[in-house]
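FYI, my numbering numbers position 35 of the sequence shown as 42, with every residue one higher than the one before it.
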Amino acid sequence: MGLKALPFSFGARFLALVAAIMVLVWSIHFRGGLAWEADNKNLIFNWIYGFVVFFYPGGSDAVRRDSLPWHVLFRMFVYVMAVGNACLGFLEKLTFLEVNGLAKYGSEAFRVNFTAIATVLYGVFVFLTSLSQAGA
Numbered sequence: 008m009g010l011k012a013l014p015f016s017f018g019a020r021f022l023a024l025v026a027a028i029m030v031l032v033w034s035i036h037f038r039g040g041l042a043w044e045a046d047n048k049n050l051i052f053n054w055i056y057g058f059v060v061f062f063y064p065g066g067s068d069a070v071r072r073d074s075l076p077w078h079v080l081f082r083m084f085v086y087v088m089a090v091g092n093a094c095l096g097f098l099e100k101l102t103f104l105e106v107n108g109l110a111k112y113g114s115e116a117f118r119v120n121f122t123a124i125a126t127v128l129y130g131v132f133v134f135l136t137s138l139s140q141a142g143a
């Protein structure tokens, strides 16, 4: 694509900030607060393992260069699937809340819908950023 990545990058960061604020407001105001403890402590530290493995310095440059296009393709496929999964999670949560008495057009329902829209827009901006040219 002939587009510059910088505007898409700023758009993605802005939407990520908006989505994070909306999730925090929803969690604190409508769901009764945040839980800082998890029953499964391994889930908290899975991202550290992935970070260390990705930046392993022992790989050769030739292997990294040859595998880069496949890595990008697989990464974008997984990313699109993750954004879709997040949207389905919003839909499922909203459906269960509405079955249990939440107003269909109430403020909490609108907040969940707008959070899902912000998540989709964030996904689109990240996808376009990855396809665009890097700034000089």
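Where is the CB? At the ideal position from N, CA and C, for every residue including glycine. All values reported here derive from a predicted model rather than from experimental measurement.
Asked: K100 (DSSP reduced to helix, strand or coil); Found: helix
Asked: Range covered by the alpha helix (DSSP H) that runs through Y129; Found: 114 to 138
Asked: Within 8 angstroms, strictly: CB atoms of A12 and S139; Found: yes
Asked: Beta-carbon spacing of T126, V90 below 8 angstroms; Found: yes
Asked: Assigned exposure category for Y56 - 16 Cβ within 10 Å defines buried; Found: For Y56, the predicted model reports a pLDDT of 49, less than 50, meaning its position is unreliable and no value from the coordinates is stated.
Asked: Candidates E99, P76, V119: closest to I28 by CA position; Found: V119
Asked: CB contact flag (T122, A26, <8 angstroms); Found: yes
Asked: Same chain, Cβ closer than 6 angstroms to L128, five either side skipped, listed in chain order; Found: L22
Asked: N-terminal and C-terminal residue of the alpha helix (DSSP H) that I28 is part of; Found: 12 to 32
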